[in-house]
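S.K.: Would you mind keeping the following structure in view while I ask a few things?
Below, the structure is given as structure tokens:
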């Protein structure tokens, strides 16, 4: 288990605080393995757009956190990464209820990686699908 996997395990067990954006949106990492992560959140009216549905940026944050944690599980302690491209397709509007984002790495190369994420509602219906390209860098 690498240092980042230990961090995620501690996060799930409540031993460490989640990143500020995850706290703000109430995102919770609920499961992980190397290259895979599940993140959940409760959609409420405080995240609505003017049409009284979940703002697209919230779906995007949920997917980005899930994909980022999936990629994090593959890093060595002297590496970090940044997202160079993030795409999302919104497939079904959401108002309230639990959302579950499941992400997995499709390809992890030496410098680049490609991650996909599906977001489903509590009935298991697909509400959004996202992908991300990440670039690995060495820490200074």
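In my numbering, the protein residues as written are 9 to 148. Ideal Cβ placement from N, Cα and C applies to all residues, glycine included.
Residue 13 by DSSP, collapsed to three states: which one?
M.R.: Reduced to three states, the DSSP call for residue 13 is helix.
S.K.: Taking its Cβ as the centre, do 16 or more other Cβ atoms sit within 10 Å of residue 59, making it buried, or is it exposed?
M.R.: Flag for residue 59 reads exposed.
S.K.: Between which residues of its own chain and residue 75 is the CB-CB distance below 6 Å, once the five residues before and five after are set aside?
M.R.: Within the same chain, residue 75 has close Cβ partners 111, 123, 125 and 140.
S.K.: In chain order, which beta strand (DSSP E) runs of at least 3 residues are fully inside the region 89 to 127?
M.R.: Correct list: 105 to 116.
S.K.: Examine the Cβ distances between the region 42 to 61 and the region 84 to 91 and report whether three or more of them are shorter than 8 Å.
M.R.: The region 42 to 61 is not in contact with the region 84 to 91.
S.K.: Compare the beta carbon distance of residue 142 and residue 77 with 8 Å and say whether it is the shorter of the two.
M.R.: No. Outside cutoff.
S.K.: For residue 138, which residues does DSSP report across the bridge?
M.R.: 96 and 125.
S.K.: As an exercise, report each continuous alpha helix (DSSP H) stretch of at least 4 residues that is fully enclosed by the region 35 to 94, in chain order.
M.R.: Runs of the alpha helix (DSSP H) inside the region 35 to 94: 64 to 80.
S.K.: Cα-Cα, which of 137, 107, 108 and 116 is closest to residue 96?
M.R.: When each option's Cα is compared against that of residue 96, the closest is 137.
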